[in-house]
Amino acid sequence: MDALPDELLLLVLSFVGDARTLVEAVPLVCKRWRRLQRDHRVWADVDLECNVHYDVMSASRALLHAPTARRLTVYEHHFLKNRLTHDDAADPILQRAEACRRLASALRRTRVVLTRAELASAPGMTAEVLEAAVGLLRRQRDHLRGLDVHLPVPPASTSLFEAVAMQRRLEALTVRMVVDEATDVYRGELAGGRPLPNLASLAITAEDHRGDPCVLPAGLCDLAADVIGAQLPALRRLELDMGLEGLDQGLAGGVHQLPRLEALVLRVHVHDSDADVAAGASEEDYVLSVLQANLDACATVAPLRRLQLVLGTCFQETPGHLRGACQARVDDFKQRRPNVEVTFFM
Numbered sequence: 002m003d004a005l006p007d008e009l010l011l012l013v014l015s016f017v018g019d020a021r022t023l024v025e026a027v028p029l030v031c032k033r034w035r036r037l038q039r040d041h042r043v044w045a046d047v048d049l050e051c052n053v054h055y056d057v058m059s060a061s062r063a064l065l066h067a068p069t070a071r072r073l074t075v076y077e078h079h080f081l082k083n084r085l086t087h088d089d090a091a092d093p094i095l096q097r098a099e100a101c102r103r104l105a106s107a108l109r110r111t112r113v114v115l116t117r118a119e120l121a122s123a124p125g126m127t128a129e130v131l132e133a134a135v136g137l138l139r140r141q142r143d144h145l146r147g148l149d150v151h152l153p154v155p156p157a158s159t160s161l162f163e164a165v166a167m168q169r170r171l172e173a174l175t176v177r178m179v180v181d182e183a184t185d186v187y188r189g190e191l192a193g194g195r196p197l198p199n200l201a202s203l204a205i206t207a208e209d210h211r212g213d214p215c216v217l218p219a220g221l222c223d224l225a226a227d228v229i230g231a232q233l234p235a236l237r238r239l240e241l242d243m244g245l246e247g248l249d250q251g252l253a254g255g256v257h258q259l260p261r262l263e264a265l266v267l268r269v270h271v272h273d274s275d276a277d278v279a280a281g282a283s284e285e286d287y288v289l290s291v292l293q294a295n296l297d298a299c300a301t302v303a304p305l306r307r308l309q310l311v312l313g314t315c316f317q318e319t320p321g322h323l324r325g326a327c328q329a330r331v332d333d334f335k336q337r338r339p340n341v342e343v344t345f346f347m
């Protein structure tokens, strides 16, 4: 083993792939392995996971020792929370307050360089952890290329989208939100100017507490409108949970302004309350009008090559004649844009 060159040992260690093993086991082999363990090539394909209810000590050590990582995930797993509650008395480190304090400290002090990050908050996660994670995102503004945010109700003090707006190399952004009640999560941080110059993929989605897709809350509609209005030069893929609210925010009139948009995924939700605002229109007519408005908007996107349109209606079972009328409008779009691959669900 001593005869092997460093390059070959680095290649071997790069296949370990487990942060805990690299931090706690590899350095104990010998001084040479301890030195090589710190090389960024060993950590290039390692994913760091930080669950505030499980093994926070090891996760914190990995954060403080890793020079780089492929992905960092900060989350709260409810199953582990329930399973480990009985062990709190035996092992005080598993107590949530102490665990969150240790994790927040590691997030503030780490010098890891990240390629991707995922922040999956939950109501039980402390504001200290969220603030520390957002601070880490700010420090990664010259490195981060992918960001996935899944937030139920973030604290008002957490300036998440300020950190997002600072990213200079971000290529993929996914924002998922659990909507249990009206929540202000976006305050116009991406409005004006040309933020996120390298962003190629954007997904803004919402779901209810059961995990079913639902209409975006007003704040995320504003986020979508600001992104569309910024005419991001590199944006190629856009995914939105957008209904009548989205059309009011300018989707229909502004999506054609995206110069390189090739793939578009729209999940349009039509509810009884939406139909009520359409004076004199039946529910079926209103569904058709919403579908037509979205198809007309998509038809104006010159570079578009792939369209996936999911139409959720207020009917428990969609009438056959309405399904046929919707399909006829989709077929008409295909004739207008024969070069676009269309997938339609209802």
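Adding 1 to a residue's 1-based position in the sequence shown gives its number in the working numbering.
C-beta: ideal position from N, C-alpha, C; glycine also.
Quick caveat, the model's predicted, so the values are computed rather than measured.
query	result
When you compare each of 115, 12, 75, 233 to residue 201 by their alpha carbons, which one comes out closest?	233
Counting Cβ pairs closer than 8 Å, one from the region 101 to 110 and one from the region 57 to 71, do we hit at least three?	yes
Could you check where the beta strand (DSSP E) with residue 373 kicks off and where it finishes?	This structure leaves residue 373 out entirely; the chain is present only between 2 and 347.
Residues bridged to residue 76 by DSSP?	52, 121
What would DSSP say about residue 131, mapped onto helix, strand or coil?	helix
Inspect the beta-carbon positions of residue 345 and residue 331 and report whether they are closer than 7 Å.	yes
Quick check on DSSP: helix, strand or coil for residue 69?	strand
Considering only residues of the same chain and omitting the five flanking positions on each side of residue 172, which have a CB-CB separation below 8 Å?	146, 147, 199, 200, 201, 202, 235
In its own chain, which residues sit with a C-beta less than 6 Å from the C-beta of residue 17, not counting the 5 before and 5 after it?	23
Can you find the residues in the same chain that come closer than 6 Å, C-beta to C-beta, to residue 177, ignoring five residues on each side of it along the sequence?	151, 206
Taking 8 Å as the limit between beta carbons, can you name the residues of its chain near residue 262, skipping five residues before and five after?	236, 237, 238, 239, 256, 302, 304, 305
Candidates 102, 164, 289, 70: which alpha carbon is nearest residue 42's?	70
Mind checking whether residue 267 and residue 217 have CB atoms under 7 Å apart?	no
Report buried or exposed for residue 112, applying the criterion of at least 16 other Cβ atoms within 10 angstroms of its Cβ.	exposed
Does residue 299 pass the burial test, meaning 16 or more other C-beta atoms within 10 Å, or should it be called exposed?	buried
Apart from the five residues just before and just after residue 114, which ones in its own chain have a Cβ nearer than 6 Å to its Cβ?	69, 144
Measure the beta-carbon distance from residue 138 to residue 118 and round it to whole angstroms, keeping in mind my assumption that it falls under 8 Å.	6 Å
Roughly how many angstroms separate the alpha carbons of residue 130 and residue 285, rounded to a whole number?	47 Å
According to DSSP, is residue 334 part of a helix, a strand, or is it coil?	helix
Mind reading off the beta-carbon distance from residue 191 to residue 228? Whole number of angstroms is fine, and I expect it under 8 Å.	6 Å
Within the same chain, show all residues whose beta-carbon is closer than 8 Å to that of residue 160, passing over the 5 residues directly before and after it, in chain order.	135, 190
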